[in-house]
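Peer 1: Each protein sequence line maps, in turn, to chains A, B and C.
Every letter in the first sequence is one number past the one before it in UniProt numbering, and letter 56, counting from 1, is 56.
Every letter in the second sequence is one number past the one before it in UniProt numbering, and letter 240, counting from 1, is 240.
Every letter in the third sequence is one number past the one before it in UniProt numbering, and letter 216, counting from 1, is 216.
Here a beta-carbon is modelled for each residue, glycine too, at the ideal position from N, C-alpha and C.
Below you'll find the structure I mean.
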Amino acid sequence: MNRIIAILVFTGVPLVILGTILNWSDIFMFVISSLSIIGLAGYIGRATESLAIVSGPRIGGLLNATFGNAVELLISIFTLKAGMVGIVLASLTGSVLGNLLLVLGLSFFAGGIKHKRQKFSLHDAQYNSGLLIFAIIVAFVIPEVFSMSMDTKTTLNLSIGISVILIAIYLAGLFFKLVTHRGVFSASDDSGHELEKPEWTKKKSILILFIATMAVAFVSERLVHTFETIGEQFGWTELFIGVIIVAIVGNAAEHVSAITMAVKNRVDVSVEIAVGSTLQVAMFVAPVLVLISLFMPVQMALVFTIPELVAMITATLLVINLSNDGESNWFEGLILFSAYLIMGIGFYLL
Amino acid sequence: MNRIIAILVFTGVPLVILGTILNWSDIFMFVISSLSIIGLAGYIGRATESLAIVSGPRIGGLLNATFGNAVELLISIFTLKAGMVGIVLASLTGSVLGNLLLVLGLSFFAGGIKHKRQKFSLHDAQYNSGLLIFAIIVAFVIPEVFSMSMDTKTTLNLSIGISVILIAIYLAGLFFKLVTHRGVFSASDDSGHELEKPEWTKKKSILILFIATMAVAFVSERLVHTFETIGEQFGWTELFIGVIIVAIVGNAAEHVSAITMAVKNRVDVSVEIAVGSTLQVAMFVAPVLVLISLFMPVQMALVFTIPELVAMITATLLVINLSNDGESNWFEGLILFSAYLIMGIGFYLL
Amino acid sequence: MNRIIAILVFTGVPLVILGTILNWSDIFMFVISSLSIIGLAGYIGRATESLAIVSGPRIGGLLNATFGNAVELLISIFTLKAGMVGIVLASLTGSVLGNLLLVLGLSFFAGGIKHKRQKFSLHDAQYNSGLLIFAIIVAFVIPEVFSMSMDTKTTLNLSIGISVILIAIYLAGLFFKLVTHRGVFSASDDSGHELEKPEWTKKKSILILFIATMAVAFVSERLVHTFETIGEQFGWTELFIGVIIVAIVGNAAEHVSAITMAVKNRVDVSVEIAVGSTLQVAMFVAPVLVLISLFMPVQMALVFTIPELVAMITATLLVINLSNDGESNWFEGLILFSAYLIMGIGFYLL
């Protein structure tokens, strides 16, 4: 696994640089930038994990929260800069769908093939269900529905208000989970950590984190500029590129670790990664992008298209109802994956 | 009970044949065809049950799954052949509403009048809730919403894709429940079976199944041709005929057995019948009809009207939230029945 | 607390009378009528409670049910009489949102600051979730969606039908909770009552109840007539006045008692007040107002605006999913309050 990541990065990034200078074709650049980003995301993930072990669960949680969606955030900022607001919203949708349906579905399926029934904390699942309803259903549906009879400026004001509230709640949630109610949550993450040895030292981790993040920023900018050509060449809509392609590239690292954990019969960690990442996208990445867009040529309101919104709502209700028994099996995984497939076909045909 | 069924069939079917030859009025034909089909459904149910006892739970489950909605499927095929796509979709809606609200409502009510609190498997209820969300909310809402900005051909392609996925998941679900995870589900069905004696021999059951199915096919064709006149005479819309009338005729047999079981304090079986039948309609009957319609003069996309869709979604959420405690009582039954009544009035006035 | 209530009433009501005679400005009248009503609601609440203790839990429950939303009902009747149907529907929305998000949110938050985790009956929460889905989602969504393709007269007929059903179910629910299934519900209310001494005698309670209700009726009429000027002066829409202002004035008494109980670590009572009041508004106050409006110059159909409906649906789903673990803490309170804030901003900007 680690070798693949190394190959992706050490052949991918140089090729991207070379391609930029030599002005290679967009399709080739699209492929090598995507692969490089996936590799770099692997390095960011490993560096964050090493740092988390060294600095204890509190700071570790914060680090995970901050760098977990760093790749996604960087790609989105460059896409915003290029004025492609539609793709940014679509890739946020894709992150939510990808985490809730694809990552969780493949984790449940792969884990369920090897182990008959896998258990995760019912308490955490119930806690998460409330947050998912708040972040996806309340915070995303309200601006959508209310904006229907608002002008652009008022819609943007509403989006800004909601974004500030979402970020505040996200920080309050970290405070809740890491300070006031630490012991309440499943000890699954802590139990192993005490015995675990970090892969890299603190210094090395920070250095790698810094370099990899810079590299992602550079490659993302290249990737974003291929979208237009890619869309024309393959007949893909902006929506499809955002929801499916960008989301898969931007979340590849999480996908791999969630599925690996499920096969190791640690499906509780898979759930934590998938749902945690979804909540982070909805309550942190999305509102931060709204605020950043205020300094960009084109502002982004928190208003998804109706198909995007409906896909996210139905995915949320499905996950909540499939995980309300604190157990998973291969068939539940298949259902989640099928839901992703159905939505994928829908976005492709749209 | 069995005597009534016999009378319905042995006076009903000959009258339908006579009426067809002598060209009787559509209203009279509507009444006698409906009653004959209810009777024949009773025979199909009993033959399936006898076969299930003889062949053990696995094949029995498969038989139930296949013949359970045979009547509904046959009526729908003839309605499709007559080009009345709207009535087919409405009768699918009606099956879902009828099973979830009317059958379950009357079962909870009748059972709850006799027994203060009735318990059913919470585990099965939670398993079913995930499937209901997938089948009704994901699979039906996505084509509806996405089709709003699609042309007819693309909508049909999306419907075909979703139908294939739904049938695959339905078969995978049978495999899951009957093969890989047999012991996991409540033993309620098995417990009694070992002591139960089949009503008919295997040979007799197959013969009756064959003849009754043929007869249903014949009578259904007659029934379908009365719809137009009935609608005009009584001022009923296509939607009302499909949602209320066809759904009640097509599911009468299930209704009777579910309520009977609830009164016998076996409300777990009532839930299994009502929810199982709903899932079968949504994940098997509906997609099969979409695929069959490809060979018909008029193709059917999986696109319901907004009122139909909203009625199904709200009914699903109501049932999931009423059954999340694994208990039922007369008041919960009354609530389900009232929801059916509210929707019935709505469809009547529409 | 009681002193504040006394001051509000004994300076407020005379000022309202004086102001009516001397024709004071609408803004001043709006403020003093609002404060008087809040004080009078406090008296009604205390009189109902005293009566409930004297007359035992059954009659007590009935009294609470009848006078609990008396203030709201009276304000609404006078608003209806003034032909402002939009404000009535908005204030019903505001009651639902206020109870589910503001009252429950502040209760969870205030209680959670003092006590780490607070427990309430999971059984009651599950029972309530089914009723909330029925009352808010089935009964309010169906007329909304179906009315889209109905004329005004048919919409009103549908509303009347649904209203009659809702009132019947509400009465059946009282019968269920107070007669057939008394022991099933959490004994929280009864446990204390036996030791509790009523504040006032039966005679005094009835007298106060009668006078305070009369006074509320008088002041409400004054209050209603200030709405138009208030809207113009502050730039508030009809929707905002109804959803936020009227709802807060009409429910102030419940707000205070729910939060007080939560701080006393009796969050089960807070949940009962907030959810009970919501159900009463949806299943009793709203349908009664529809029926009363038939004798008014302008009839009121049970058709909310889309933003109102969506706000109520999302609030309901949020509360159900946050309370499905039978526990509360400050962070859950914050989430509920944030949802209220998001919707409040939305209604303000609309």
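Given a cut-off of 8 Å, decide if leucine 74 of chain B and valine 281 of chain B are closer than it, judged by their beta-carbon atoms.
Peer 2: Against a cut-off of 8 Å, the Cβ pair of leucine 74 of chain B and valine 281 of chain B comes out as no contact.
Peer 1: So, under 8 Å CB-CB, serine 33 of chain B and valine 16 of chain B are touching, yes? Tell me the CB distance rounded to an integer number of Å.
Peer 2: With 8 Å as the limit, serine 33 of chain B and valine 16 of chain B qualify as a contact, their Cβ atoms being about 6 Å apart.
Peer 1: Any beta carbon from chain B within less than 8 Å of serine 129 of chain C's own beta carbon?
Peer 2: Closer than 8 Å to some Cβ of chain B, the Cβ of serine 129 of chain C qualifies, so yes.
Peer 1: Mapping the DSSP letters down to three states, classify glutamine 118 of chain C as helix, strand or coil.
Peer 2: Residue state, collapsed to three classes: strand.
Peer 1: In whole angstroms, what is the alpha-carbon distance linking alanine 139 of chain C and valine 246 of chain B?
Peer 2: The alpha-carbon atoms of alanine 139 of chain C and valine 246 of chain B are separated by roughly 24 Å.
Peer 1: What alpha helix (DSSP H) runs, 4 residues minimum, are completely inside the UniProt domain "Sodium/calcium exchanger membrane region" (205–343) of chain B?
Peer 2: The qualifying runs are 227–234, 247–263, 267–280, 286–293 and 306–322.
Peer 1: Is there a Cβ from chain C that is less than 8 Å from the Cβ of leucine 152 of chain A?
Peer 2: Looking at the sequence shown, residue 152 of chain A is not leucine but threonine. It does not; no Cβ of chain C falls within 8 Å.
Peer 1: Cα separation between threonine 213 of chain B and methionine 1 of chain B?
Peer 2: Going by the C-alpha atoms only, they are around 20 Å apart.
Peer 1: Classify glycine 56 of chain A as buried or exposed, calling it buried when 16 or more other Cβ atoms lie within 10 Å of its own Cβ.
Peer 2: So glycine 56 of chain A counts as exposed.
Peer 1: In chain A, which residues lie less than 8 Å from threonine 314 of chain C when you measure between Cβ atoms?
Peer 2: By Cβ distance, chain A contributes Ile133, Ile137, Val138, Val141 and Ile142.
Peer 1: Helix or strand or just coil, what does DSSP make of glycine 112 of chain C?
Peer 2: Glycine 112 of chain C falls in the helix class under three-state DSSP.
Peer 1: Applying the 10 Å Cβ sphere with the 16-neighbour rule, what's the burial state of threonine 152 of chain C?
Peer 2: That one is exposed.
Peer 1: Would leucine 336 of chain C pass as a contact of leucine 101 of chain C if the rule is Cβ separation under 8 Å?
Peer 2: Against a cut-off of 8 Å, the Cβ pair of leucine 101 of chain C and leucine 336 of chain C comes out as a contact.
Peer 1: From the DSSP output, in three-state form, read off leucine 106 of chain A for me.
Peer 2: In the structure shown, leucine 106 of chain A sits in a helix (DSSP, three-state: H, G or I).
Peer 1: Taking 8 Å as the CB-CB limit, is asparagine 176 of chain A close to chain C?
Peer 2: A quick correction: the sequence has phenylalanine, not asparagine, at residue 176 of chain A. By this cut-off, phenylalanine 176 of chain A is an interface position.
Peer 1: Could you give the distance in angstroms between the alpha-carbon of leucine 289 of chain B and the alpha-carbon of isoleucine 342 of chain A?
Peer 2: Near 18 Å, if we compare the C-alpha coordinates of isoleucine 342 of chain A and leucine 289 of chain B.
Peer 1: Go ahead and label methionine 148 of chain B buried or exposed: buried means 16 or more other beta carbons lie within 10 angstroms of its beta carbon, across all protein chains shown.
Peer 2: Exposed, because fewer than 16 other Cβ atoms sit within 10 Å of the Cβ of methionine 148 of chain B.
Peer 1: Got a sec? Which residues, its chain only, sit under 6 Å from alanine 82 of chain A by beta carbon, not counting five neighbours each side?
Peer 2: The answer, listed in chain order, is Val224.
Peer 1: Which one of B:Thr314, B:Gly333 and B:Pro198 has the shortest CA to CA distance from valine 267 of chain B?
Peer 2: Of the listed residues, the one whose Cα sits closest to valine 267 of chain B is B:Gly333.
Peer 1: Just to confirm the assignment, what range does the alpha helix (DSSP H) spanning asparagine 2 of chain B have?
Peer 2: Start and end: 2–22.
Peer 1: Please report the distance separating the alpha-carbon of threonine 154 of chain A from that of methionine 84 of chain C.
Peer 2: Their Cα atoms are separated by approximately 26 Å.
Peer 1: Would you mind stating whether glutamate 327 of chain C and arginine 117 of chain C have Cβ atoms separated by less than 8 Å?
Peer 2: Closer than 8 Å, so yes.
Peer 1: From glycine 27 of chain B to isoleucine 230 of chain B, what does the alpha carbon distance come to, in whole angstroms?
Peer 2: The amino acid at residue 27 of chain B is misidentified as glycine; the sequence shows isoleucine. Going from the Cα of isoleucine 27 of chain B to the Cα of isoleucine 230 of chain B covers about 6 Å.
Peer 1: What residue range is occupied by the uninterrupted alpha helix (DSSP H) comprising serine 147 of chain B?
Peer 2: Serine 147 of chain B -> alpha helix (DSSP H) spans 139–147.
Peer 1: Is the CB of leucine 350 of chain A under 8 Å away from at least one CB in chain B?
Peer 2: For leucine 350 of chain A, the answer is yes, since a Cβ of chain B falls inside 8 Å of its Cβ.
Peer 1: Is serine 205 of chain C closer than 8 Å to serine 50 of chain C when the C-beta atoms are compared?
Peer 2: It is a contact, given that the beta carbons lie within the stated cut-off.
Peer 1: Which of the three DSSP states, helix, strand or coil, is assigned to phenylalanine 123 of chain C?
Peer 2: It is worth fixing the name first, because residue 123 of chain C is histidine in this sequence and not phenylalanine. Of the three classes helix, strand and coil, the one that applies to histidine 123 of chain C here is helix, per DSSP.
Peer 1: Aspartate 189 of chain B to glutamate 254 of chain B, Cα distance in whole Å?
Peer 2: For aspartate 189 of chain B, the predicted model reports a pLDDT of 47, less than 50, meaning its position is unreliable and no value from the coordinates is stated.
Peer 1: Within the same chain, show all residues whose beta-carbon is closer than 8 Å to that of valine 141 of chain C, passing over the 5 residues directly before and after it, in chain order.
Peer 2: So the list reads Leu309 and Ile313, once near-sequence residues are dropped.
Peer 1: Which chain B residues are close to valine 145 of chain C, counting only those with a beta carbon under 8 Å from its beta carbon?
Peer 2: In chain order: Ile306, Pro307 and Val310.
Peer 1: With a cut-off of 8 Å, does the C-beta of histidine 225 of chain C fall near any C-beta of chain B?
Peer 2: Judged by the 8 Å Cβ criterion, histidine 225 of chain C is not in contact with chain B.
Peer 1: Just to check my reading of the structure: aspartate 325 of chain C and histidine 123 of chain A have Cβ atoms closer than 8 Å, yes? What is that Cβ distance to the nearest angstrom?
Peer 2: Correct: roughly 7 Å between the Cβ atoms.
Peer 1: Tell me, please, whether the CB atom of histidine 123 of chain B is closer than 8 Å to any CB atom in chain A?
Peer 2: Chain A contact via Cβ: present.
Peer 1: On the CB-based measure, 16 or more other CB atoms within 10 Å of its CB, does glutamine 233 of chain B come out buried or exposed?
Peer 2: Glutamine 233 of chain B comes out exposed.
Peer 1: Nearest to leucine 132 of chain A by CA position, among A:Val319, A:Leu350, A:Leu349 and A:Ala339, is which residue?
Peer 2: It is A:Val319.
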